[in-house]
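These notes concern the structure reproduced below.
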Amino acid sequence: MARKVVITGLGATTPIGGDVPTLWENALKGVSGAATLTDSWVEEFSLPVTFAARASTPASETLSRVEMKRMDPSTQFAVVAAREAWKDSGIEEVDRDKLAVAFATGIGGVWTLLDAWDTLKEKGPRRVLPMTVPMLMPNGPAAAVSLDLGAAGGAHTPVSACASGTEAMHVGLDLIRSGKADVVMVGGAEAAIHPMPIAAFASMQALSKRNDDPARASRPYDVDRDGFVMGEGAGALVLEAEEHALARGARIYAELAGSSVTADAYHITAPDPEGLGATRALKAAMFDGRIQPEDVVHVNAHATSTPVGDKPEYTALRAALGDALDDVWVSATKSQMGHLLGASGAVESVLSTLAVYHRKTPVTINLDNQDPEIPLKVVTGQPAELREGSIVALNNSFGFGGHNAVVAIRSV
Amino acid sequence: MASNEEILAGLAEIVNEETGLDVADVQLDKSFTEDLDIDSISMMTIVVNAEEKFDVKIPDEEVKNLKTVGDAVNFIANA
Numbered sequence: 004m005a006r007k008v009v010i011t012g013l014g015a016t017t018p019i020g021g022d023v024p025t026l027w028e029n030a031l032k033g034v035s036g037a038a039t040l041t042d043s044w045v046e047e048f049s050l051p052v053t054f055a056a057r058a059s060t061p062a063s064e065t066l067s068r069v070e071m072k073r074m075d076p077s078t079q080f081a082v083v084a085a086r087e088a089w090k091d092s093g094i095e096e097v098d099r100d101k102l103a104v105a106f107a108t109g110i111g112g113v114w115t116l117l118d119a120w121d122t123l124k125e126k127g128p129r130r131v132l133p134m135t136v137p138m139l140m141p142n143g144p145a146a147a148v149s150l151d152l153g154a155a156g157g158a159h160t161p162v163s164a165c166a167s168g169t170e171a172m173h174v175g176l177d178l179i180r181s182g183k184a185d186v187v188m189v190g191g192a193e194a195a196i197h198p199m200p201i202a203a204f205a206s207m208q209a210l211s212k213r214n215d216d217p218a219r220a221s222r223p224y225d226v227d228r229d230g231f232v233m234g235e236g237a238g239a240l241v242l243e244a245e246e247h248a249l250a251r252g253a254r255i256y257a258e259l260a261g262s263s264v265t266a267d268a269y270h271i272t273a274p275d276p277e278g279l280g281a282t283r284a285l286k287a288a289m290f291d292g293r294i295q296p297e298d299v300v301h302v303n304a305h306a307t308s309t310p311v312g313d314k315p316e317y318t319a320l321r322a323a324l325g326d327a328l329d330d331v332w333v334s335a336t337k338s339q340m341g342h343l344l345g346a347s348g349a350v351e352s353v354l355s356t357l358a359v360y361h362r363k364t365p366v367t368i369n370l371d372n373q374d375p376e377i378p379l380k381v382v383t384g385q386p387a388e389l390r391e392g393s394i395v396a397l398n399n400s401f402g403f404g405g406h407n408a409v410v411a412i413r414s415v
Numbered sequence: 004m005a006s007n008e009e010i011l012a013g014l015a016e017i018v019n020e021e022t023g024l025d026v027a028d029v030q031l032d033k034s035f036t037e038d039l040d041i042d043s044i045s046m047m048t049i050v051v052n053a054e055e056k057f058d059v060k061i062p063d064e065e066v067k068n069l070k071t072v073g074d075a076v077n078f079i080a081n082a
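Keeping their order, the protein sequence lines are chains C and R.
Once you know that position 92 of the first sequence is 95 in our numbering, the rest is easy, because the numbers rise by one and skip nothing.
Once you know that position 14 of the second sequence is 17 in our numbering, the rest is easy, because the numbers rise by one and skip nothing.
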């Protein structure tokens, strides 16, 4: 019998809250974190998209000046979220060899990389500082979190574009079940609100161009959705072997009951229109957690607000849950905070954990006219109340490259 | 050319910026590694920033000879 894995600490820094209590309060209320960008580069490059959802609280409120200088913005967010999650877990003593990290990113140190390139061009190689490599490497967030916690049981960096954060949960679950670790700090971080990624995502027609109304631009499932909104931040969760958590009398939010990762092997960016890879991921995560469709009461959907992406997820959910889907409350929280790319799965797992713990779901905003081809029971207006008894929330994340990651979170 | 006092003050600012150490702790007799706990990556960052600030060249092979803050001040003053 595999070890049971529970969630005992939560951390986040997002466009709608710089910590978990603020994030949760806003997620239930329904606010938008998107706003017009005031950076000079928006005009300098005449960017086709002029807004994004910035982290609501600068990392400098938590980190020292020297820490800020030695970390890429993505790593800064990772450390902020991980520290909150660690403190929240209440863990005081731990075998550092059995403490691991699985911290994801989608893009990595893009600010550091491109700043160093500018420096090289303008000032020559001598001015490219020695911290450039450790700051730009995609394992930067995982490494910094491992250093910060003294986690010596391995530091992993799952990279699967926008599925990365959820894949980190999957990796953490495996590490504990297999006995390699007792505690794993999992999460995802992203800081890619930079003119180059904005230009690149816009070029592939992935971003909303609703420049005149940023707060209403991210509108998953709405007939007028026209792309996602770039977000930034990080989410972190402390996963712990159940017996380890019980032994120290920990507050347990929920059980990480199952997970799965699949690949579409269909197209480099387009989702399989039949959602076959996502269906397999959903079914495998449910099988992994011994979950029946009737156990599932809530889904935090990937739902990025792109015209092509939202529907195949519905197809997959229907295939995996059947008629039981009609009773499932679905939240599309990217409507509020935009798309945090490699961090999104981690932040949404934080929300799914809280939904199961408080038996209440975040809301979806901007759903004025629901796409008739996506007849999901979407939470709008007020949070939905979840029933008593054993309940399960699913969190889906999909990434360019055909990556599908699903985690199942069960009440305890 | 800057005086030794000015070089020390400028170097102390660079060290503070990189490591957070108090400028008052950056004294001529202090060893970068032993007293100030500055690792090789920070040392190279300090060197590169000092080159720009004082408009001098500090060759890589010279850096290992700069054991104390005083060594660095003298090197910059005579460069």
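Every residue, glycine too, gets a C-beta built ideally from N, C-alpha and C.
It should be emphasised that the depicted structure is a prediction, and the values quoted were computed from it without experimental measurement.
Self-check item: Limits of the alpha helix (DSSP H) - the one that residue 168 of chain C falls within
Solution: 167-180
Exercise. Confirm, please, whether the CB-CB distance from residue 92 of chain C to residue 241 of chain C is below 8 Å.
Key: yes
Exercise. Run down chain R in chain order and give the residues with a C-beta less than 8 Å from the C-beta of residue 67 of chain C.
Key: 23
Practice problem: Report, in whole angstroms, the separation of the C-beta atoms of residue 195 of chain C and residue 144 of chain C, which I expect to be a contact under 8 Å. | Solution: Not quite, the Cβ-Cβ distance comes to about 13 Å (not below 8 Å), so this is no contact.
Quiz item: Apart from the five residues on each side of it in sequence, which residues of its chain come closer than 6 Å, Cβ to Cβ, to residue 265 of chain C?
Solution: 280, 283, 284 and 407
Quiz item: Between which two residues does the beta strand (DSSP E) carrying residue 265 of chain C extend?
Solution: 257-266
Quiz item: What is the C-beta distance between residue 255 of chain C and residue 11 of chain C, in whole angstroms, given that I count them as a contact (C-beta under 8 Å)?
Solution: 6 Å
Practice problem: To the nearest angstrom, report how far apart residue 48 of chain C and residue 182 of chain C are at their CA atoms. | Solution: 51 Å
Self-check item: Distance CB(residue 396 of chain C)-CB(residue 412 of chain C) smaller than 8 Å
Solution: yes
Quiz item: Does DSSP put residue 188 of chain C in a helix, a strand or coil?
Solution: strand
Quiz item: Can you pull the DSSP bridge partners for residue 401 of chain C?
Solution: C:407
Quiz prompt | residue 198 of chain C versus C:330, C:398 and C:46, residue with shortest Cα-Cα distance | solution = C:46
Quiz item: In chain order, what residues of the same chain have a beta carbon less than 7 Å from the beta carbon of residue 176 of chain C, not counting five sequence neighbours either side?
Solution: 8, 242, 259 and 262
Quiz item: What are the uninterrupted segments assigned as beta strand (DSSP E) that are 3 or more residues long and contained completely in the stretch 200-257 of chain C, given in chain order?
Solution: 236-244
Self-check item: Under 8 Å between C-beta atoms of residue 341 of chain C and residue 226 of chain C
Solution: no
Exercise. Out of C:379, C:62 and C:415, state which residue places its alpha-carbon closest to the alpha-carbon of residue 235 of chain C.
Key: C:62
Quiz item: Which one of C:230, C:320, C:73 and C:111 has the shortest CA to CA distance from residue 141 of chain C?
Solution: C:111
Self-check item: 3-residue-minimum beta strand (DSSP E) runs that sit fully inside the stretch 268-323 of chain C, ordered along the chain
Solution: 299-303
Practice problem: Return the first residue and the last residue of the beta strand (DSSP E) that residue 334 of chain C is part of. | Solution: 332-334
Quiz item: Should residue 41 of chain R and residue 22 of chain R be called a contact, given that it needs their Cβ atoms to be closer than 8 Å?
Solution: yes
Quiz item: First and last residue of the beta strand (DSSP E) that includes residue 107 of chain C?
Solution: 102-108
Exercise. Taking 8 Å as the threshold, find out whether the stretch 154-171 of chain C comes into contact with the stretch 329-339 of chain C through three or more Cβ pairs.
Key: no
Quiz item: Contact check, residue 257 of chain C vs residue 178 of chain C under 8 Å by CB: the rounded distance?
Solution: Not confirmed; about 18 Å, so no contact.
Quiz item: Would you say residue 64 of chain R faces chain C, with C-beta separation under 8 Å as the test?
Solution: no
Quiz item: Using a Cβ cut-off of 9 Å, which residues of the stretch 119-131 of chain C contact any Cβ in chain R, in chain order?
Solution: 126, 129, 130 and 131
Quiz prompt | Boundaries (first-last residue) of the alpha helix (DSSP H) holding residue 139 of chain C | solution = 135-139
Exercise. Output, in chain order, the set of chain C residues within a Cβ distance shorter than 8 Å of residue 48 of chain R.
Key: 132, 133 and 134
Exercise. Per DSSP, which residues does residue 16 of chain C bridge with? Please list them.
Key: C:237
Quiz item: So, is residue 134 of chain C buried or exposed, given that buried needs 16 or more other C-beta atoms within 10 angstroms?
Solution: buried
Quiz prompt | Beta-carbon separation (whole angstroms), residue 353 of chain C vs residue 34 of chain C, contact threshold 8 Å | solution = Not really, about 17 Å apart at Cβ, beyond 8 Å.
Quiz item: Can you list the residues of chain C that residue 18 of chain R reaches, using a CB-CB cut of under 7 Å?
Solution: Those do not exist, as residue 18 of chain R stays about 11 Å from chain C at its closest Cβ, beyond 7 Å.
Exercise. Give me the Cα-Cα distance between residue 162 of chain C and residue 29 of chain C, rounded to the nearest whole angstrom.
Key: 29 Å
Exercise. Specify, as a first and last residue, the run of the alpha helix (DSSP H) that residue 53 of chain R falls within.
Key: 43-57
Quiz item: Of all the CB atoms in chain C, is at least one closer than 8 Å to the CB of residue 26 of chain R?
Solution: no
Quiz prompt | Segment contact, 8 Å Cβ cut-off, at least three pairs: the stretch 214-228 of chain C with the stretch 285-302 of chain C | solution = no
Self-check item: residue 168 of chain C beta carbon less than 8 Å from that of residue 414 of chain C
Solution: no
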